[in-house]
Amino acid sequence: MSRAQFEDRLFGGLRYVVIALLLIATVFPFYYMVVLSFRPTGQLLLHPGSLWISVHDLTLSTYKTILEPTSKGGQGLLGMLRNSALVSLGTVVLTLAASVPGAWAISRLKFVGSRQISALFLAVYLFPATLLAVPLFVMFARIGLQGSLVGLAIVYIAQTVPVSIYMLKNYFTTIPVSVEEAAALDGCSRLQVLWRVVLPLAAPSLMATGLYVFMIAWNEFLFALLFLAATPSKWTVSLGLSQMNNAIEVPTTVLMAGSVVLTVPVIVLFYVAERFLTEGLTTGADKS
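In UniProt numbering, the protein residues as written are 1 to 288.
In structure tokens form, the structure reads like this:
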């Protein structure tokens, strides 16, 4: 056996080993979380390490408890889902509305510092979120946005706009300028060129960026805790589950049901938009 054949077999086998280990590290925790969410509390106490659940022991009471409003004895996660959806979708729409013109201007217009401005956008992430938390809290408290979903969405938009501009700019540079010039010769204004030509061509990148922004807003915890802790009716899912975790009266099975409810929407969105996500992330890297 030659050295090349040995290396091919060795690394080929190691590849499957690594894939298997990664699947175990990612799929197994989610599987165990789902199993716990369908188990009664009594069965969990009797067999805490069991990885299987029989049909007779399966229960949906945990999901009923976690989703029902507090007025009916539940944990009110359905209202938190609504709050998270409003904040996340609003953040996506407003972030893209601000990022698309900015990214297109950076990729097309020539001005002093145009090459360095992308690095400046990413430099925003050099500042840790905890450093900005207190000033933002004081500022929003003074203008009356503390405890408001609108104020929380504004914070998320400020966080996501820089990286969204960077991602979209890389994609816009791959769109031939001749296409925009042809539209301009047909009488389109710059705004019409952007709306009728650039945006349809950039749909994969818009989908990828929107999904990225949605996941950030959906899972964010620090600013949600800072701004909404005093108003339980405005809690998002991540904040609500954290508060339930600190409560002694909430069973582990109910918490696992809430974690499943928190995770499933992102998984569904990811698989629905997988083709657009892959195309949007890879095409922007093509500089040929």
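Glycine included, each C-beta is placed from N, C-alpha and C at the ideal position. No experiment lies behind these values; they were computed from the predicted model shown.
Tell whether a beta-carbon distance below 8 Å holds between residue i and residue j.
i, j, result
"T236", "Y156", "no"
"L96", "T209", "yes"
"L89", "L149", "no"
"L194", "P162", "no"
"V100", "L168", "yes"
"A183", "R196", "yes"
"V213", "T160", "yes"
"F172", "A203", "no"
"A105", "L222", "no"
"A273", "M207", "yes"
Determine the direct distance from the alpha carbon of residue j to that of residue i, and round the result to whole angstroms.
i, j, result
"F137", "F227", "7 Å"
"L67", "G73", "10 Å"
"T65", "G79", "13 Å"
"C188", "V177", "14 Å"
"I19", "R39", "30 Å"
"S71", "V198", "50 Å"
"P135", "A153", "16 Å"
"I248", "S205", "44 Å"
"L142", "L132", "At residue 142 the sequence reads Arg, which differs from the Leu that was named. Cα to Cα, R142 sits roughly 16 Å from L132."
"R15", "I24", "14 Å"
"S288", "L77", "For S288, the predicted model reports a pLDDT of 41, less than 50, meaning its position is unreliable; a value from the coordinates is still stated below. Rounded to whole angstroms, S288 to L77 spans 49 Å at the Cα level."
"P69", "H56", "27 Å"
"D8", "S2", "10 Å"
"S61", "P48", "18 Å"
"R190", "L109", "12 Å"
"L126", "F11", "37 Å"
"Y6", "V17", "Note on identity: in this sequence residue 6 is Phe, with Tyr being the wrong assignment. Between F6 and V17, the C-alpha separation is close to 17 Å."
If you drop the 5 nearest sequence neighbours on each side, which residues of the same chain put their C-beta closer than 7 Å to that of residue i?
i, result
"N219", "S238"
"V266", "M215, W218"
Would a check of beta-carbon distances place residue i closer than 8 Å to chain D?
i, result
"S50", "Within the model displayed, chain D is absent; a lone protein chain is all it includes."
Look up residue i in the DSSP assignment and say whether it is helix, strand or coil.
i, result
"P162", "helix"
"T59", "coil"
"A182", "helix"
"I66", "helix"
"E7", "helix"
"N246", "coil"
"T130", "helix"
"I154", "helix"
"R115", "coil"
"R196", "helix"
"W218", "helix"
"A203", "helix"
"G12", "helix"
"I24", "helix"
Below 8 Å CB to CB, which residues in the same chain sit around residue i once its five sequence neighbours on both sides are set aside?
i, result
"L36", "L44, T252, T253, M256"
"S259", "M33, S37, L241"
"N245", "L255"
Considering only residues of the same chain and omitting the five flanking positions on each side of residue i, which have a CB-CB separation below 6 Å?
i, result
"G102", "I165"
"F140", "Q146, G151"
"L262", "V237"
"L58", "F38"
What are the start and end residues of the alpha helix (DSSP H) that includes residue i?
i, result
"S259", "252 to 272"
"A105", "77 to 108"
"T173", "Taken as a continuous stretch (DSSP letters only), T173 belongs to no alpha helix (DSSP H), as it is neither H nor E."
"T41", "41 to 46"
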